[in-house]
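Enquirer: Quick one: the structure is below, and I'll ask about it shortly.
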Amino acid sequence: MAGKSGAAAALVGSATRAQAVAAISKLLASSGVEEARFDARALLFAAAGITHAELVLEPDAPLGEDAAQRLNLYAARRASREPVSRILETRGFWTLDLGVAPGVLDPRADTETVVDLALRLLSNRRNDPLAILDLGSGSGAIVCALLSELPRAFGVAVDVSAPACALTKANLARCGVADRARVVRGRWATAIRSRFDLVVSNPPYVKSGEIDGLAPEVLLHDPRLALDGGDDGLECYREIIRALPCRLAPDGFALVEAGAEQARGIVEIFAEAGLEVEATARDVEGHERAVAARLAKTQA
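Residues in the sequence shown are numbered consecutively from 45, following the numbering used here.
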């Protein structure tokens, strides 16, 4: 890895923007990064403070020494398989720009499927004073996105991790919705006594035996606590869903993110708890990524 980092350090201020993208792309590809050119451009934009349009219009403009030094550092970190979002400490999610921090799960685009399905189910109630509960909030991505779209809603975010609670608070403030939210440190719904119109969760769902085979970007940088779903990947769903009959309002919805090929098992867990599946939604790759349920009519 030292040699690859050295290749990145060869960039100097006289290198052009186009040359920098080519060099960093080659470095990242040789390190096993799948979207090497995309990541190289993202690092260039951050290091040089330019936009994609500026790169296209002036590809032969020199980097400058300060930008070259920053890009050398960024490229070496990405070559070691640190995600771009962690290098730049920011992640685009839904329509928001969220902060990213060590020790907290980096939000993924797949999770936007949960937000989209929730908003579709609540399409006739979007201006109502809804109560939202986000269990295992992590970065706060889901609750921030929902509050940004539901102007009269109030959210409660729960996470067992102190760094996650701190980041959720920071992102709520960053998104301008902190006055409509509260963060609680605790395990799932054990610290909560109210009922909610919407309960959402993206719990750990990777099988314990499969964690060591994850990509370095995940294995080395996401906390195991946020990944490990037990032997079958469904342990956290059982704990969360078991509590839902006492946490859902009569006309409320519960939505969870599902790992690939896990939706059927989650449907069964909902049924065992007396909840009826209302809808599912697929991500861009065609996996059933979100499952929504509500209290059975006999319980509502």
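Quick reminder that beta carbons are idealized off the backbone N, C-alpha and C, glycines included.
Output the residue ranges of the beta strand (DSSP E) runs that lie fully inside the stretch 240–296 and measure 3 residues or longer, sorted by chain position.
Expert: 240–245
Enquirer: Would you tell me roughly how many angstroms separate the C-alpha atoms of A51 and G143, rounded to the nearest one?
Expert: Because the pLDDT at A51 is just 47, under 50, the model does not fix this residue reliably, and the value given afterwards should be weighed accordingly. If I take the Cα positions, the gap works out to 30 Å.
Enquirer: Are F198 and A217 closer than 8 Å when you measure CB to CB?
Expert: No, the pair does not count as a contact, with Cβ atoms beyond the cut-off.
Enquirer: For a test of the three-state rule: what should DSSP assign to I94, helix, strand or coil?
Expert: coil
Enquirer: Please return the same chain residues whose Cβ sits closer than 7 Å to the Cβ of H331, not counting the five positions on each side in sequence.
Expert: A304
Enquirer: Give the straight-line distance between the Cα atoms of F314 and G76, rounded to the nearest whole angstrom.
Expert: 40 Å
Enquirer: With a threshold of 7 Å on Cβ separation, who are the neighbours of A414 within its own chain once the five nearest residues in sequence on each side are excluded?
Expert: Coverage of the chain is limited to positions 45 through 344, which leaves residue 414 absent and any answer about it impossible.
Enquirer: What is the C-beta distance between L21 and G309, in whole angstroms, given that I count them as a contact (C-beta under 8 Å)?
Expert: It is not possible to answer for residue 21, since the shown part of the chain is limited to 45 through 344.
Enquirer: Tell me A337's beta-bridge partners as DSSP assigns them.
Expert: According to DSSP, A337 bridges with A298 and V321.
Enquirer: Check P207 in the structure and name its three-state DSSP category.
Expert: helix
Enquirer: Per DSSP, D154 forms a beta bridge with which residues?
Expert: Paired residue(s): none; D154 is not in a bridge.
Enquirer: Could you say which of V228, E312, A259 and E109 lies nearest to S124 if we only look at CA atoms?
Expert: A259
Enquirer: Looking only at C-alpha atoms, which of A119, G296, S192 and R239 sits nearest to A337?
Expert: That would be G296, whose Cα lies nearest to the Cα of A337.
Enquirer: Can you give me the Cβ contacts of P267 inside the same chain, cut-off strictly under 6 Å, excluding the 5 residues immediately before and after it?
Expert: G147
Enquirer: Bridge partners for L142 per DSSP, in chain order?
Expert: R135
Enquirer: Out of S58, V159 and V202, which one is the CA nearest neighbour of G230?
Expert: V202
Enquirer: Measure from the alpha carbon of P173 to the alpha carbon of each residue in S129, K213 and D241, then state which is nearest.
Expert: D241
Enquirer: Any idea if R61 is buried or exposed, counting beta-carbon neighbours within 10 angstroms, 16 or more meaning buried?
Expert: buried
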